[in-house]
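>
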Amino acid sequence: MNNSNTRRIRNIIIVLLFVTGGLLLVLAIAADDLGLDITPGFGVIQMVAFMGGLTFLTLGAFLFLNGRRPKDAPRSLQAEISTRLIATGLVLSYVTGLSDLIGIGTHIEPSFNRPFVGPLQLGGIIIGILLILIGLILYNTSRGQRESSSLGFLV
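Residues in the sequence shown are numbered from 4 upward in steps of one, following the working numbering.
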């Protein structure tokens, strides 16, 4: 397979990840408005769809930024840290979003009939998304063929 076919397939996958992730996020957030809500409030299926959409968008953004880097560019420390920061943001979002289901939330059985997305969970999800965004920005600004990072002015 030549380079142009590989690039075209990669671009198709990136677009599919962005479209699927965006659709899942919109369906999860606007389920009440679209008449797709099964349970009152933000339910388990909506949270799983939200997390899936966030994962697809993150993976699509990372593949897009990774495709912009030259193939022979060495991985810098900043790029390694940013990759781990992205993964940490996803894990934090998953753990806080699904905390009631895995039994570490504040609204677990038997006191509550169903999981409840509270302010602590929303805060954890927002912090996770911020970590993902910071990781993507750091990955984008890490050196490719440059001698140093484009964030070198901070040092």
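The beta-carbon is built from N, C-alpha and C at its ideal position, and this holds for glycine as well.
Assuming ILE135 contacts ILE84 under a Cβ cut-off of 8 Å, what Cβ separation, rounded to an integer in Å, is found between them?
In the sequence shown, the residue the question calls residue 135 occupies position 132. In the sequence shown, the residue the question calls residue 84 occupies position 81. That belief does not hold up - the Cβ atoms of ILE135 and ILE84 are roughly 14 Å apart, past 8 Å.
> Report all residues from its chain with a CB closer than 6 Å to the CB of LEU101; omit the five preceding and five following residues, and keep chain order.
Position 98 of the sequence shown, counting from 1, holds the residue named residue 101. Excluding residues within five positions, none has a Cβ falling inside 6 Å.
> Measuring CB to CB, does LEU20 end up less than 8 Å from GLY63?
Reading the sequence shown from its first residue, position 17 is the one you call residue 20. Reading the sequence shown from its first residue, position 60 is the one you call residue 63. Yes, these two residues count as a Cβ contact at 8 Å.
> Spatial neighbours of THR91 within its chain, please: C-beta separation below 7 Å, excluding the five flanking residues on both sides.
Position 88 of the sequence shown, counted from the first residue, corresponds to residue 91. Answer for THR91: LEU134, listed in chain order.
> According to DSSP, simplified to helix, strand and coil, what is LEU101?
The residue you call residue 101 lines up with position 98 of the sequence shown. Coil, per DSSP.
> With 16 as the cutoff for other CB atoms within 10 Å, does ARG146 come out buried or exposed?
Indexing the sequence shown from 1 puts residue 146 at position 143. Classification for ARG146: buried.
> Beta carbon of ILE16, beta carbon of LEU66: below 8 Å?
Counting from 1 along the sequence shown, the entry for residue 16 is found at position 13. Counting from 1 along the sequence shown, the entry for residue 66 is found at position 63. Their beta carbons are under 8 Å apart, which means ILE16 touches LEU66 by this criterion.
> What is the DSSP secondary structure of VAL120, counted as helix, strand or coil?
Here residue 120 refers to the residue found at position 117 of the sequence shown. Looking at VAL120 - three-state DSSP - the assignment turns out to be coil, as it is neither helix nor strand.
> Considering only the beta carbon of each residue, do GLY127 and LEU93 sit closer than 8 Å?
Walking along the sequence shown from the start, residue 127 turns up at place 124. Walking along the sequence shown from the start, residue 93 turns up at place 90. Cβ atoms of GLY127 and LEU93: not closer than 8 Å.
> For LEU139, which residues from the same chain have a beta carbon less than 6 Å from its beta carbon, with the 5 sequence-adjacent residues on both sides left out?
As a first step, residue 139 must be located in the sequence shown, where it is residue number 136. Hits under 6 Å: ALA64.
> CB-CB under 6 Å to THR23, same chain, minus the five flanking residues each way: which ones, in chain order?
Start at 1 with the first residue of the sequence shown, and residue 23 comes out as number 20. Closer than 6 Å at Cβ, skipping near neighbours: PHE59.
> Quick check: what's the CA-CA separation for SER79 versus ILE105?
Translated into positions along the sequence shown, residue 79 becomes position 76. Translated into positions along the sequence shown, residue 105 becomes position 102. Cα-Cα distance, rounded: 36 Å.
> Answer with buried or exposed for ALA76, where buried requires no fewer than 16 other C-beta atoms within 10 angstroms of its C-beta.
As a working mapping, residue 76 is identified with position 73 in the sequence shown. With fewer than 16 Cβ atoms within 10 Å of its Cβ, ALA76 is classed as exposed.
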